[in-house]
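Visitor: Taken in order, these protein sequences are the chains called A and B. Sequential numbering of the first sequence, starting at 1, is according to UniProt numbering. Sequential numbering of the second sequence, starting at 1, is according to UniProt numbering.
Number of protein chains: 2
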Amino acid sequence: MSVEKRTKSIDLSHHLSELSKARTTSPLKGLQKYFSQPGILSLAGGLPSPAYFPISDVSANVLIPDSFALVPTESSTSFSWLWKLFGSHTSTSEKTQGVTIPKYSANDGDINLAHSLQYGPSVAQQQLQVFLREFTSEVYRPAFEDWSVLIDTGNTDGWSRAVTTLCNPGEGVLCEEWTYPSALASILPLNIQPVPVPMDGVGMKSDALENLLSQWDPVSRQMPRPHVMYIVPVGQNPSGSTMSITRKKQIYDVCVKYDVIIVEDDPYYFLQLGTYIFKEDRSSGATPSGRPSPKESKRFVSTLTPSFLNFDYQGRVIRLDTFSKTIAPGSRLGWFTCNPLFAERLERQGETTTQAPCGFGQSIITKILTHWSYDGYIRWLRGIRTEYQQRRNFFVDCLAEEFHLQPMPADTVADIWQGCIVYQASSKVKTIAEKHATQNLTMLSFVPPVAGMFVWMKLHLDQHPSFSPGDENALEMKLWTKLAENGVLFAPGWMFSAKELTGDTDHADSGHFRVSFSNVEFPDLKKAVTIFGRVIREFFEEDL
Amino acid sequence: MSVEKRTKSIDLSHHLSELSKARTTSPLKGLQKYFSQPGILSLAGGLPSPAYFPISDVSANVLIPDSFALVPTESSTSFSWLWKLFGSHTSTSEKTQGVTIPKYSANDGDINLAHSLQYGPSVAQQQLQVFLREFTSEVYRPAFEDWSVLIDTGNTDGWSRAVTTLCNPGEGVLCEEWTYPSALASILPLNIQPVPVPMDGVGMKSDALENLLSQWDPVSRQMPRPHVMYIVPVGQNPSGSTMSITRKKQIYDVCVKYDVIIVEDDPYYFLQLGTYIFKEDRSSGATPSGRPSPKESKRFVSTLTPSFLNFDYQGRVIRLDTFSKTIAPGSRLGWFTCNPLFAERLERQGETTTQAPCGFGQSIITKILTHWSYDGYIRWLRGIRTEYQQRRNFFVDCLAEEFHLQPMPADTVADIWQGCIVYQASSKVKTIAEKHATQNLTMLSFVPPVAGMFVWMKLHLDQHPSFSPGDENALEMKLWTKLAENGVLFAPGWMFSAKELTGDTDHADSGHFRVSFSNVEFPDLKKAVTIFGRVIREFFEEDL
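(1) On the three-state DSSP scale, how would you describe MET1 (chain B)?
(2) Name the DSSP beta bridge partners of CYS175 (chain B), please?
(3) Give the residues of chain A in contact with GLU94 (chain B), contact being defined as C-beta atoms less than 8 Å apart.
(4) Assess contact between the segment 253-261 of chain A and the segment 206-213 of chain A, defined as three or more Cβ pairs (one per stretch) separated by less than 8 Å. Is contact present?
(5) Compare the C-beta of LEU19 (chain A) with all C-beta atoms of chain B and state if any pair is closer than 8 Å.
(6) Please return the same chain residues whose Cβ sits closer than 6 Å to the Cβ of PHE490 (chain B), not counting the five positions on each side in sequence.
(7) I'd like to know whether the C-beta of LEU70 (chain B) is nearer than 8 Å to at least one C-beta of chain A.
(8) Straight-line CA distance for GLU94 (chain B) to THR275 (chain A)?
(9) Quick check: what's the CA-CA separation for THR246 (chain B) versus LEU271 (chain B)?
(10) Using a Cβ-Cβ cut-off of 8 Å (strictly less than) and excluding sequence neighbours within five positions of PHE467 (chain B), which residues of its own chain qualify?
(11) Applying the criterion that 16 or more other CB atoms from any shown protein chain within 10 Å of the CB defines a buried residue, is GLN118 (chain A) buried or exposed?
(12) Given that LEU63 (chain A) touches chain B, what residues does it touch there, using C-beta distances under 8 Å?
(13) How many Å lie between ASP146 (chain A) and LEU320 (chain B) at the Cα?
(14) Between LYS458 (chain B) and chain D, is the shortest Cβ-Cβ distance under 8 Å, so that the two count as touching?
(15) Taking 7 Å as the limit between beta carbons, can you name the residues of its chain near PRO267 (chain B), skipping five residues before and five after?
(16) So, does the CB of THR352 (chain B) fall closer than 8 Å to a CB anywhere in chain A?
(17) For the segment 430-476 of chain B, list the alpha helix (DSSP H) runs that are entirely contained and at least 4 residues long, ordered along the chain.
(18) Let's see if you can read the secondary structure: which residues bound the alpha helix (DSSP H) around HIS404 (chain B)?
(19) Drop a sphere of 10 angstroms on the beta-carbon of GLU542 (chain B), count the other beta-carbons inside from all chains shown, and report buried for 16 or more, exposed for fewer.
(20) Assign LYS103 (chain A) to one of two classes, buried (16 or more other C-beta atoms within 10 Å of its C-beta) or exposed (fewer than that).
(21) Three or more C-beta pairs closer than 8 Å, one from the segment 281-298 of chain B and one from the segment 341-348 of chain B: is that the case here?
(22) Against chain A, with Cβ distances strictly below 8 Å, would THR502 (chain B) count as a contact?
(23) State the Cα-Cα distance for the pair PRO449 (chain B) and TRP372 (chain B), rounded to the nearest angstrom.
(24) Bridge partners for ASP217 (chain B) per DSSP, in chain order?
(25) Tell me the DSSP secondary structure of VAL123 (chain B) in three-state form.
(26) Closer than 8 Å, CB to CB, is CYS358 (chain A) near chain B or not?
(27) Can you give the Cα-Cα distance for residue 633 (chain A) and PHE311 (chain A), rounded to whole angstroms?
(28) Identify the residues that DSSP records as bridge partners of ILE261 (chain B): which are they?
(29) Consider the Cβ of PHE35 (chain B): report whether some Cβ of chain A lies at a distance smaller than 8 Å.
(30) Compare the Cα-Cα distances from ALA185 (chain B) to each of B:VAL163, B:GLY98, B:VAL197 and B:PRO198 and report the closest residue.
(31) How far does the alpha helix (DSSP H) with PRO523 (chain A) in it reach, from first residue to last?
(32) Rounded to the nearest angstrom, what separates ILE364 (chain B) and VAL197 (chain A) at their Cα positions?
(33) For MET453 (chain A), which residues in chain B fall below 9 Å Cβ to Cβ?
(34) Using a threshold of 7 Å, is the CB atom of THR153 (chain A) nearer than that to any non-hydrogen atom of the ligand MG?
(35) Leaving aside the five residues before and after ARG23 (chain B) along the sequence, list all residues of the same chain whose C-beta is less than 6 Å from its C-beta, in chain order.
(36) By the 9 Å beta-carbon criterion, what residues does the segment 279-309 of chain B contribute toward chain A?
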């Protein structure tokens, strides 16, 4: 891959959709100089007086950045379920510090409600913009110089704006063969179709992508060759796969070759959990006492797999970041990082839809981030990462207690897990079938995820006693329903199938559950796995 | 007009756009029963644990509902400019009460951050939904029974979602000939054109609407007869006009006849300011001491001009409400009121764009509203209304001090003011021209608005010494620029012209300024009018 700085000579304007090109800039553009005159008396806008905002100040008690340990230990387990059990809802064990946002700030430039709650352009408030630029620069280190950061109301808004900025009706969007259903629900009504690309254990396959694009026939496909990709490279939803840097570079190079814009939806980036190790082999350590520091931040950031931005020498990546997983989903706050041409069009679109994100949310989150500082926020992210690591470990530990787990290299199991160690799960209790058989029955397999919130289970439905090819979907739903009737909900795999939507019904790929370990309390995770173990054993004994 | 309850037999589904019809419902729909099972262990969703939301609680000091007087008096003037002059930004004179939203609430159903900041459906949080339904029912009293209330992120989002739900590319939207530029910026890139309807002093003309629709020729117009109307009936932006109930009913009946859906964008509804009376003729009263009470609320609501919803017996109105003018623009919170068929489609659209509005904003605003209660909020709105009344009065008083104002019935002045008393402004200082003439020169005319934030000035450019027909736009911009160079910004009229956009350049209509009295402090309002007086006098003396 040749590395060179993006220059203005690389023209990406042909990627803009007709809709996006048609968006008008503000009619005031030509008069802008008057609006920025110091001391001007503006009776031009339709702004309410901030005197009538019914709030003198907003305060929050904010957790300290090092609230959570950095090494998974028993003591770092989330005890919120315990508080609930004992009827205490005040979470007295949380260490917090108070922050306040006044309506009028004493110093110019300090964040204040009179400004945060007023109408404004569809960009971030100034302090937040500064923070996001610093953060993006330090963490993602984009490979081109003139990148822009633009706020949005989270990645759902981000993807919706990106696809309407880039795609015309009748076009297709490259995506992983299993993908986030909401991303597809956004494009289908616009008459934009998913174009699924096969995956293996580290995500979208670059050779499959190359084949698909090189052999693209617009006539038989009834659509032009796709020029936009939607991809979730870290802790992929639903498969939990995480793309290696090598694969990312291969994908990027194919995208350069075929002139494809990459929309990198990366909500789980900071939930990079490392490799799962069986409980008995794990060494439990103590959290280093180091306080948040630039050195610690740098060290942590260097352990994270790089974003596509990091080698995007042509500016063809639109990265979507969100505070949903690192602060809270209700923040409805995220940001684009991309070239300035796309950023300007995305901003215009914001002006006629969401305007700026909520001023309450923006001001509170900005206050938290600036109160913590960049290094504090990195420390917070490290703690959160460790918490989810603990959850991932606990959940897989539960599976290891419930099932006999056999780790094996992928090539001996299934193509979909290539590049990973696959855990094959069989019953610890010999089933009726097994009593008559010579080997253990593999009921499911999975790869303990190295990032994100999900375990993606491949159900070995062909091992079901009444299996015939083509039964996969029916059996998947039979097991799902049995499980639900026993009080446990997993997400059925078919929901995430991009191929299903394109009418490409390759049943041999079917039979998955996406299981989230992100939210349920530990005792309930344990209970759910126990129920699942019983139900799936009964399921594989059926009709015997 | 025949009044009858809307029944299911009135089918409005043919109004849905192709895009809206193509939106999918959640793929989980069929499995929903399992998701609502009590005690179910759900590992299906991708929810982060609320233990990791870094906020223990959010508090706010909230103004009391009767912070502002109900009768405009000297003492009820907003003194926020005084605080600023004296360097005090703490607004110590504000009476506030503290409210707190904890992460975990002690009682089920109490608003809490663990819920407010979590992912959820694209509808309001439950307590807010209850409040909005009660509010809509009490204040707007819709004429049909099965109306729905659906939250959005403010009226810009609301209009954007409404128009894409209703209109296909190539269609037109009926609107006032002068209208909100952002509303047009939303539709133009979708290849949806404005179809301007002539106005008079009370807004869109029903006879002009009837003529337009009855004579509609799809061939010469190159578009089907419009089936959607965008209208701002109260304190219209930019004209400041407010529609009488008689006119509203006439418009509604025409819409029934030609099967038009009315999108009622009504942000200024609670800024119904009453008729302007010259300062010397006003009696200043004292605010009645009555505390917020159901009786007072009912009495106030009965003084407000009814919404289109109030006689919408067919469910063909989508009303857009917002907290932007009554709480703060940065709330980015509003709601649709409409029939359930449209509400369901609008909700689906929210799911793939904004999702739910920001949880910080929703929880704080819900807490304020429930803390105040319905009657408290009505009291707050009455105070805000009086504040803007005071501002309107002060601004027109300034004009009366700067100019000689002559109130006259509209039919003696101009068609555009029909139905109102028009104030004709001439110089108090005799201009050079007038010294040679026999009568005062009318430089501008306006109708003191009975609602909203704006005075719409008609510039009598044909009185300019160097005027030739066709010069209107150039002269408007010449005066605007002169004014800006002297430190005062008004909004130029051409920005609001829907006709201009359709290529219908009827210059005789040109020459307006929209002047906002909503935000600038009183001394600056006074200063701006003084500068304006000097500049416009010099302008009309030019070339002599």
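Here a beta-carbon is modelled for each residue, glycine too, at the ideal position from N, C-alpha and C. Since we're looking at a predicted model, the values are computed, not measured.
Guide: Considering the structure as presented:
(1) Here the model assigns MET1 (chain B) a pLDDT of 42, short of 50, so the residue's position is not dependable, and the following value carries that caveat. DSSP places MET1 (chain B) in coil when its eight states are reduced to three.
(2) B:PRO196 and B:TYR230
(3) SER56
(4) yes
(5) yes
(6) PHE513 and VAL515
(7) no
(8) 56 Å
(9) 20 Å
(10) LEU461 and LEU475
(11) buried
(12) PRO54, ILE55 and SER56
(13) 40 Å
(14) The chain labelled as chain D is not found among the protein chains of the depicted structure, namely A and B.
(15) ASN155, THR322, SER324 and LYS325
(16) yes
(17) 432-436
(18) Taken as a continuous stretch (DSSP letters only), HIS404 (chain B) belongs to no alpha helix (DSSP H), being part of the beta strand (DSSP E) at 403-409.
(19) exposed
(20) buried
(21) no
(22) no
(23) 30 Å
(24) Per DSSP, none; premise fails for ASP217 (chain B).
(25) coil
(26) yes
(27) Outside the shown range of chain A, which is 1 to 544, sits residue 633 (chain A), and nothing can be said about it.
(28) B:VAL228
(29) yes
(30) B:VAL163
(31) 522-541
(32) 44 Å
(33) GLY46, LEU47 and PRO48
(34) In terms of ligand content, the structure shown is empty, and the ligand MG therefore cannot be addressed.
(35) ARG348
(36) none
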